[in-house]
Amino acid sequence: MKIKSSRGVKDILPQEIDKWHWVENKAHKIFSLYGFKEIRIPIFESTNLFQRGIGDTTDIVQKEMYTFEDKSGEQITLRPEGTAGVVRSYVEHKLYNPPSLVKVFYIGPMFRYERPQAGRFRQFYQIGVEAMGSPSPSVDAEVMIMLMDFFSALGLKDHCLEINSLGCPECRPQHREILKTAIKGQLENLCENCNNRYERNPLRVLDCKNKTCSEIAKDLPKTAEHLCDVCSDNFKQVQSLLTDVQVPWKLNPILVRGLDYYGRTAFEVKSGSLGAQDAICGGGRYDYLVEKFEGPATPCFGFALGLERLISLVPFDQMESIAQHPDLYLVCLGEAAQTLGFKLANELRRKGIFVERDSEGASMKSQMRKADKSKARFALILGDNEIRDEKYVLKLMEDGSQEEIDTSKEYLGILVQRLNPQTVSETTHG
Ligand SMILES: [Zn+2]
Ligand SMILES: [Zn+2]
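Note that our numbering has the sequence shown beginning at 3, numbered continuously upward.
If you want it as structure tokens, here you go:
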């Protein structure tokens, strides 16, 4: 029996990879303008990292982790998210010394045992960003602005930044009590889930997906109405900084984050083109997670987004072709031409030219067909006659126009210039 891929995972095939690279390169480029550097954390970690970092009572830890015992008996888990690993690394390598704002991002696969459905996979890819070591609301604003710049660079439209403040340990307990009291009066109208968890986490009632619950949530007391002075001041600063740089935002008073360690600014970016599952990115401030891992008090701000969903929203058809096509297809007829062509292909590649060639000694017609199919910009034709006359034929595939390249003198430079003028100017002026 043929072996197939496991349920809930998929291959990203060569014909799709250009899109992935394009999006990932944009992330590298935009994030580096803000001083963020990539961090590569392990794909597996010890299980208790996630139990402590994400929380024992969350769905992720209780139901969705890929956990196993390795050969030495250690409990290992495939990472279901990136923040816990980044924080572990930050503490382990004392990145807080000397004190500074540490700015990192990661790109890579995450693993969750979920019910596979359209657009949801058990191995999925995330881009995440963490800014560690500052309580300043200007960092909150800057990271969200960077994210919106990234989305603009991808050509996304129709999305909206929604923000809220979840308060701090000063003001949250009071809000919690007020909220609980309000919920108690509504319990019989709320769903079972809300009934079960409102005691432990009343905030989650605010973002329950149940229709009746979300109607009731609209009138429940909001965190932003019960902020202490510091939180309130902070939140106003975030808003005015976003406005200062013309990043549109809107207040969403029932926005909360699924994980307990968030406080103060929380945000989501929603897409108008996605229907019910409309959040394309979520994040916010988490000021107490580093201490949970026995690091020094380190206020942090971060976000994560799913690449599969993001890529499905990028309007690739509206931009210039992002696929990499050969600069040149070498059409070689006969044994002598094959030998020469093999060497020429390598010389050109060493000068930065993307060269494809036929390795099967096929007919002229068949090689020209392959050149066409490869979408190469040029074809260079060499056969016995061309070698004897010291003149190769360079054909522009777009319109079929031809030019003779005189090979009796040094011709490689001329050829390189014809094929890719950019490479030449980079090597001579660079
Ligand atoms: Zn507060
Ligand atoms: Zn509910």
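In this text, a Cβ means the ideal position worked out from N, Cα and C, and glycines have one as well. The structure displayed is predicted, hence computed values, not measured ones.
Compare the Cα-Cα distances from H95 to each of C193, R371, P298, P250 and report the closest residue. P298
At what residue ranges does the stretch 53-95 contain a whole run of the beta strand (DSSP E), taking only runs of 3 or more? For the beta strand (DSSP E) assignment, the uninterrupted runs of no fewer than 3 residues enclosed by the stretch 53-95 are, from N- to C-terminal side, 68-71, 77-80.
In chain order, what residues of the same chain lie with their CB nearer than 7 Å to the CB of Y68, ignoring the 5 residues before and after it? T79, L80, F113, Y115
Could you tell me how far apart the beta carbons of R206 and V258 are, in whole angstroms, since I believe they sit closer than 8 Å? 7 Å
Check whether the Cβ atoms of E172 and C230 lie closer than 9 Å to each other. yes
If I follow the unbroken alpha helix (DSSP H) through D151, where does it start and stop? 139-155
Contact between the stretch 48-58 and the stretch 15-28 is defined here as three or more beta-carbon pairs at a separation below 8 Å; is this criterion met? By the Cβ criterion, the stretch 48-58 is not in contact with the stretch 15-28, since fewer than three pairs of Cβ atoms, one from each stretch, lie closer than 8 Å.
Assuming M370 and V333 form a contact by the criterion Cβ under 8 Å, report the distance between their Cβ atoms to the nearest whole angstrom. Contact holds; Cβ gap of about 6 Å.
Pull every residue with its beta-carbon under 7 Å away from any heavy atom of ligand 2, and keep them in chain order. L192, C193, N195, C196, V207, C210, N212, C215
Contact between the stretch 166-180 and the stretch 299-314 (3+ Cβ pairs under 8 Å): Two segments are said to touch when three or more pairs of C-beta atoms, one from each, lie closer than 8 Å; by this definition the stretch 166-180 does not touch the stretch 299-314.
Going by other Cβ atoms of all chains shown within 10 Å of its Cβ, with 16 needed for buried, is D142 buried or exposed? It is buried - the Cβ of D142 has at least 16 other Cβ atoms within 10 Å.
Classification of P223 by the beta-carbon crowding that lies within 10 angstroms, buried from 16 upward: buried
Own chain partners of E392 with C-beta closer than 6 Å, once the 5 adjacent residues on each side are dropped: T409, S410
Hey, would you say the C-beta of L229 is under 8 Å away from at least one heavy atom of ligand 1? yes
Residue range of the alpha helix (DSSP H) that N195 falls in? 194-199
Hey, would you say L421 sits closer than 9 Å to I129, going by beta carbons? Going by C-beta atoms, L421 is not nearer than 9 Å to I129.
Would C170 and D289 be called neighbours here (beta carbons separated by less than 9 Å)? Cβ distance < 9 Å, so C170 and D289 count as in contact.
How is A373 classed by DSSP in three states: helix, strand or coil? DSSP places A373 in helix when its eight states are reduced to three.
Short Cβ contact (9 Å threshold) for V106 with V93: One thing to note: V106 has its Cβ no nearer than 9 Å to the Cβ of V93.
Taking only the alpha-carbon atoms, compute the straight-line gap between Y413 and M399 and give it to the nearest angstrom. 21 Å
If you measure from the CB of G169, is any heavy atom of ligand 1 nearer than 8 Å? yes
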